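Just so you know, full-length UniProt numbering puts 559 at position 559 of the sequence shown, and the rest follows in order with no gaps.
Just so you know, even glycine gets a beta-carbon here, dropped at the ideal spot from N, CA and C.
Bear in mind that the values here come from a model prediction, so they are computed numbers and not experimental data.
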Amino acid sequence: MLSRIAITDVEPVVENGAYPAKAVPGERFPVRARVFREGRGRVRAGVVLTGPDGVDRPLAAISDLGNDAFEGWVEAPSTGAWTFRVESWADPYATWVHDAEVKVAAGVDTELMLAEGVVLLERARDSLAAGSDDAHAVAAAVAGLRDTSISAAGRLASGTDDAVRAVLERHPLRDHRGASPAYPLRVDRERALVGAWYEFFPRSEGGTLRASIDRLDAVAAMGFDVVYLPPIHPIGEVNRKGPNNALTAGPDDPGCPWAIGSSAGGHDAVHPDLGTIDDFDAFVAAARTRGLEVALDLALQCAPDHPWVTDHPEWFVTRVDGTVAYAENPPKKYQDIYPLDFDTDPEGLYAEIRRVVEFWITHGVRIFRVDNPHTKPLPFWERLLSELRESEPDVVLLSEAFTRPALVRALATVGFHQSYTYFTWRNTKAELAEYLTELSRETAHVVRPNLFVNTPDILTSYLQRGGPAAFRIRAAIAATAAPSWGMYAGFELYERVAIRPDSEEYLDSEKYQAKARDWAAAEAEGRSLAPYVTRLNALRRRHPALRQLRRLTVHRTDDDAVLCYSKRSGDDVVIVVVNVDPHEAHETIVHLTMPDLGLDWDAGFAAYDEISGRTWEWREHSYVRLDPADEPAHVVVVRGTETEGAR
């Protein structure tokens with residue numbers, strides 16, 4: 001049943017409150033609702049956050065946007081299971097002010113309206129702390145309303161001046177109070193929202209886990225927060241793939257790390273060529289001393305010679321010809337991988353997977369990148385994620401699900417902390433403008449995007465054909481448009497040769513062979529994007545606006561190749577202007593929505609470009625020229641304004 005002062009259309013709410021909306025400590029998020037009543041009386045609303053301790057935080061007023069829409073930005077200070085509710089009430093003072101200003105000016109019911117004001121303000125005075133400044137201000141207003149020696153307009157002004165309105169704003173009179181249901185809000189640690197990820201294969205960096213520790217210095221120096229390792233487990237020998245996914249492997253071919261399991265062990269083992277579990281522990285410790293967290297791939301699939309295949313044949317699908325079904329994504333076939341069957345022994349399989357996850361948690365892993373979660377049942381993930389949040393609340397799971405939007409959202413709904421996105425294939429201005437708006441405004445309460453620019457599986461045609469400028473463009477957008485982004489090793493060397501023209505797979509893919517790279521020579525010869533990536537990650541750490549998701553605004557430009565968006569966190573405002581055409585220079589007028597920058601429409605400001613170090617004077621309409629041969633992007637910080645327009 002609706003409250004006396006009705007509340008409808010509350011946001012952010014996931015599946016009618018069956019699942020929590022998401023936030024991290026200190027992240028401001030919008031609460032919205034429709035609040036209304038019969039007739040024309042004024043109403044107000046607020047939001048109350050309730051902590052994991054069951055204690056209500058102070059009511060935060062939310063603003064009337066018109067047409068019965070209310071919105072307010074709130075934040076939870078700590079992790080855990082929170083709730084929020086919207087409260088509504090009739091505002092008799094605001095209703096009286098509106099009616100009295102109309103009637104007194106028209107000479108209608110003048111004394112009656114002033115007398116009603118006295119009653120309301122006496123009620124307000126009596127609710128305030130005796131002797132306080134607020135009580136004195138309201139008492140003075142009551143005296144003014146009663147003073148018949150001044151005009152009716154003057155008496156009304158006493159009861160409606162700014163000081164009195166401010167007191168009633170802070171301490172409103174609330175009639176017919178109502179409340180929405182309490183909706184769940186899950187507040188995770190900051191890494192669930194914010195992070196720069198770097199992926200590399202240890203077998204390509206010295207061959208072992210201990211040898212690859214040396215690569216961590218460069219990863220940390222570029223400003224990354226997370227080093228992500230593909231599977232480090234034993235690789236199957238049966239049906240092992242050769243270079244470039246060849247069906248036949250030679251005796252020295254290492255195989256694909258996602259074909260997990262052999263006589264050397266399964267998901268809880270380290271590949272003997274990489275070292276031992278002690279070596280993995282040393283790698284995690286070394287990463288930690290460099291300010292890096294280690295993310296480990298969780299790929300729930302098996303090579304044909306994985307121990308599970310022998311010990312638990314019921315965990316796999318047997319076809320009518322008696323063979324075990326291998327993985328397929330027609331027309332692709334993965335003869336070296338058996339998918340798991342989650343229906344024949346769900347409890348036994350769940351217990352084993354939970355054991356594996358707990359094993360790696362005990363060895364310092366607090367982040368998992370989950371391979372193809374959309375091919376496993378949602379109830380399985382819901383159970384695992386729910387139990388992990390209870391026992392290991394700091395563990396973060398990234399969903400690697402390039403699939404239908406509804407399934408991506410469903411995986412986020414049941415608890416995945418982050419999600420890969422279709423950003424990889426959004427390349428035009430129109431595509432990016434629409435998608436960034438969707439990610440930051442429409443789905444931000446449930447889907448936290450991680451904008452990877454490439455993966456071992458994905459080398460887009462944009463990168464193949466765009467040259468070094470394309471790599472700079474994609475890195476600039478990914479690092480500034482979302483609080484989490486990632487890149488796979490080789491991106492900084494502009495690796496862009498596909499196995500064939502119509503493919504997104506790398507030639508000599510690292511999935512099937514080790515790949516030695518001369519990082520030092522590339523940097524010394526100026527063939528590395530690493531300095532640019534380092535600058536982008538430094539900007540992310542310096543600017544709170546770049547570490548939040550929800551306050552992104554796309555601004556209009558006159559050129560179809562120039563994308564402009566801004567991000568804002570308090571007084572920190574960053575404007576990004578990117579030429580998404582990696583081949584040609586473009587110039588345009590950028591039309592800024594000034595209020596979204598916290599500025600008045602007529603304000604001018606100093607626009608400092610963090611990339612070039614140049615400063616321009618910008619206003620609502622500003623000229624921009626970007627040449628990809630020089631620099632395809634401006635990352636502009638809003639500095640001092642020419643007018644008192646900041647607000």
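- Rounded to whole angstroms, T318 and A325 show a C-alpha spacing of 6 angstroms.
- Per DSSP, the beta bridge partners of Q301 are P339.
- For M487, the pairing in a beta bridge is given by DSSP as Y198.
- Exclusion of the five residues before and after A18 leaves no residue of its chain whose Cβ lies closer than 7 angstroms to its Cβ.
- Per DSSP, reduced to three states, the secondary structure at I458 is strand.
- Taking the Cα positions, A124 is about 10 angstroms away from V142.
- For I277, DSSP records no beta bridge to any residue.
- Distance check between T8 and each of R174, E584, R85 and A633 places R85 closest, using alpha-carbon atoms only.
- Apart from the 5 residues on each side of it in sequence, F200 sits with its Cβ closer than 6 angstroms to the Cβ of A489 in its chain, given in chain order.
- Rounded to whole angstroms, W381 and F491 show a C-alpha spacing of 32 angstroms.
- Within 10 angstroms of the beta-carbon of E510 lie 16 or more other beta-carbons, which makes it buried.
- Around the beta-carbon of L112, fewer than 16 other beta-carbon atoms lie within 10 Å, marking it exposed.
- Residue state for K103 is assigned as helix, using DSSP reduced to three classes.
- Sixteen is the threshold: when 16 or more other Cβ atoms of the shown chains lie within 10 Å of the Cβ of H586, as they do, the residue is buried.
- The C-beta of W601 has fewer than 16 other C-beta atoms within 10 Å across all chains shown, which makes the residue exposed.
- Note on geometry: alpha-carbon atoms of V43 and E169 lie some 12 angstroms from one another.
- DSSP, reduced to helix, strand and coil, places L546 within a helical segment of the structure shown.
- Looking at S158, A286, P272 and R448, the one whose alpha-carbon comes closest to that of L216 is A286.
- Contact check between the stretch 627-638 and the stretch 464-474: three or more CB pairs, one atom from each, fall below 8 angstroms, which counts as touching.
- Runs of the beta strand (DSSP E) lying entirely within the stretch 504-577, each at least 3 residues long, are 552-557 and 562-569 in chain order.
- Note: H586 is bridge-paired with L626 in the DSSP secondary-structure output.
- Within its own chain, the residues whose Cβ lies closer than 6 angstroms to the Cβ of R496, once the five positions on either side in sequence are excluded, are L463 and Q464, listed in chain order.
- Excluding its 5 nearest sequence neighbours in each direction, R540 has C-beta neighbours in its own chain below 7 angstroms: A196, A479, L546 and R547, listed in chain order.
- For A81 against R186, the beta-carbon gap comes to about 6 angstroms, under 8 angstroms, which counts as contact.
- When the beta-carbon positions are compared, T534 and A220 stay at least 8 angstroms from each other.
- Beta-bridge partners of A633 (DSSP): V578.
- In the DSSP annotation of this structure, R215 is not part of any beta strand (DSSP E); the continuous alpha helix (DSSP H) holding it starts and ends at L209 to A221.
- Short of 7 angstroms from the beta carbon of E122, and not among the five residues preceding or following it, lie these beta carbons of its own chain, in chain order: V142.
- In the three-state reduction of the DSSP assignment, R4 falls in the coil class.
- In the DSSP secondary-structure assignment, I367 is bridged to A295 and V396.
- Contact check between the stretch 24-42 and the stretch 92-112: three or more CB pairs, one atom from each, fall below 8 angstroms, which counts as touching.
- Contact annotation: P202 and L298 have beta-carbon atoms that are not nearer than 8 angstroms.
- When the alpha-carbon of N67 is set against those of V47, A33 and A90, the nearest one is in A33.
- Apart from the 5 residues on each side of it in sequence, D225 sits with its Cβ closer than 6 angstroms to the Cβ of G195 and A196 in its chain, given in chain order.
- In this structure, G51 sits away from A61, with a CB-CB distance that is not shorter than 8 angstroms.
- In the DSSP assignment, L349 falls within the alpha helix (DSSP H) that extends over P346 to T362.
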